[in-house]
Amino acid sequence: MRKKILLPTDFSKNAWQAMNYAVELYQKDHCDFYVLNVFTATTNILESLLNMEPGSELYETAKSNSEDGLAEVMDKLAFKYEHNPKHHFESISTFNNPIEAIKEVVEQKDIDMIVMGTKGETGSEHVAYGSTAVYVMEKVRNCPVIVVPEASKVGIPKEIVFPTSFKTHYKKRELAYLVELAQNSGATVAILYVSEDDFLDGKQIEQKKMLEEQLEDVSFQHHTLHYQAVEPAVNMFVESRDSDMVAFINKKHSFFGSILSNPMVKNIGFHSRVPILVMHDLRN
Numbered sequence: 000m001r002k003k004i005l006l007p008t009d010f011s012k013n014a015w016q017a018m019n020y021a022v023e024l025y026q027k028d029h030c031d032f033y034v035l036n037v038f039t040a041t042t043n044i045l046e047s048l049l050n051m052e053p054g055s056e057l058y059e060t061a062k063s064n065s066e067d068g069l070a071e072v073m074d075k076l077a078f079k080y081e082h083n084p085k086h087h088f089e090s091i092s093t094f095n096n097p098i099e100a101i102k103e104v105v106e107q108k109d110i111d112m113i114v115m116g117t118k119g120e121t122g123s124e125h126v127a128y129g130s131t132a133v134y135v136m137e138k139v140r141n142c143p144v145i146v147v148p149e150a151s152k153v154g155i156p157k158e159i160v161f162p163t164s165f166k167t168h169y170k171k172r173e174l175a176y177l178v179e180l181a182q183n184s185g186a187t188v189a190i191l192y193v194s195e196d197d198f199l200d201g202k203q204i205e206q207k208k209m210l211e212e213q214l215e216d217v218s219f220q221h222h223t224l225h226y227q228a229v230e231p232a233v234n235m236f237v238e239s240r241d242s243d244m245v246a247f248i249n250k251k252h253s254f255f256g257s258i259l260s261n262p263m264v265k266n267i268g269f270h271s272r273v274p275i276l277v278m279h280d281l282r283n
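Counting from 0, one number per residue, gives the positions in the sequence shown under numbering that gives the first Met the number 0.
Structure, rendered in C-alpha cells:
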C-alpha cells in the first residue's frame, strides 16, 4: 500500500532538510510525497486573506513566487532522488492560512504523515519551534507529524526514545505509527520512565505491561531516570546516548501536559538536533 506523506515548505533550509529526512526515512516504501507551499501576500496573514483577490497584482505575484519556488524544489528532488522508482512527488501551491491549508490537504489526500521543519525562514535562533510547527503538532490531530530540526542527521533512526509516566493508558492504534516506524527502520524503542523514585503503583505496573504488549513486535528496552522534571531528563538521556528520535503522544492531560504550548517548548533542548514524532490521543 502506498504511503501519502505531506511535506510543507516555505523554501527554507530547514524545510529542505525535512524533505531529505522524509525521503530517506521512507526509502523502502512506495510513497506519494506532496510538497506544499502556502502563499500569502504580506506577513500579516489575516490582512492577506482579506485584501488579496485572485487577479490582483499582490495575489498574482505571490502565486508566481510560490509556483517558481516549488518548480525549483521539484527539480532538486528529481535530480537527487531519481533512482528510487517507489517515490512519486507532486507539488501543491495554495493561498490560505498555513494551518488551514495543511488541514485541508491532510483531509483531501488522506495523508498518513506530515514531515516538516521545526521553523522556517523567519525562525528565531532562540525559539525551538516556529509557530506553524507548534500549531501543526497541536491542532492537526487526525495525522501524526515528524518535526525535523535543521541540525538533525539525515538517516534511519536506530533508537527512538519514548518517555512515559506509566500513568496513561495507550491504545494500540495510538502507537501504530511508532511501531511501524521502529519495524521499518529496525530501531529499538527506549521506554524512558522519569521519576523521583523506583516505586510503581498497581495501576502503573498494569499500564507498563500493556505498553510492553503493544510494543511486542519491535525491539524495546526499559530505562529509568531519577529526576524531577521531564524535559531536562529527556534531554540528558538523548544526548548521553546519541538517540535518533523522540516520540510521544500529545495527550491533553498527561505527562508533558500540553508539551507544545509555549513557554514549555522553550525548555526542550533535544529540539536542536533530534526529530520528534508527535502522535495524538484518539480520545481528543
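For each residue, glycine too, the CB sits at the ideal point set by N, CA and C.
None of the values given here were measured: they were computed from a predicted structure.
- The beta-carbon separation of PHE165 and GLN203, rounded to 4 Å, stays under the 8 Å limit for a contact.
- Bounds of the beta strand (DSSP E) holding GLY116 are 112-116.
- For MET244, the pairing in a beta bridge is given by DSSP as ILE159.
- Counting C-beta pairs closer than 8 Å gives fewer than three between the region 231-247 and the region 197-216, which falls short of the contact rule.
- Under the Cβ criterion (8 Å, minimum of three pairs), the region 53-64 does not count as touching the region 155-173.
- Judged by DSSP secondary structure, GLN16 falls within the alpha helix (DSSP H) whose first and last residues are 12-24.
- Contact fails between the region 135-145 and the region 218-230, because fewer than three Cβ pairs, one in each stretch, are under 8 Å apart.
- Per DSSP, GLU149 lies in no beta strand (DSSP E) and is assigned neither H nor E.
- A distance below 6 Å between beta-carbons, with the five flanking residues on each side excluded, links SER92 to the following residues of its chain, in chain order: ASN36, SER65, GLU66, LEU69.
- Under DSSP, PRO7 shares a beta bridge with LEU35.
- In chain order, ASP28, HIS29, CYS30 place their CB closer than 7 Å to the CB of LYS85, counting only its own chain and leaving out the 5 sequence neighbours on each side.
- Inclusion of ASN83 and VAL22 in the CB contact set at 9 Å is warranted, their separation being smaller than that value.
- Distance check between ARG172 and each of LYS118, HIS279, ALA17 places HIS279 closest, using alpha-carbon atoms only.
- As the crow flies, the alpha-carbon of ALA17 is around 18 Å from that of VAL104.
- GLY201 has its alpha-carbon roughly 51 Å from the corresponding atom of PHE10.
- Within the DSSP secondary-structure output, VAL133 pairs in no beta bridge.
- In this structure, the straight-line span from the alpha carbon of PHE88 to that of SER184 is close to 22 Å.
- Between PRO53 and PHE78, the gap from beta carbon to beta carbon reaches 9 Å or more.
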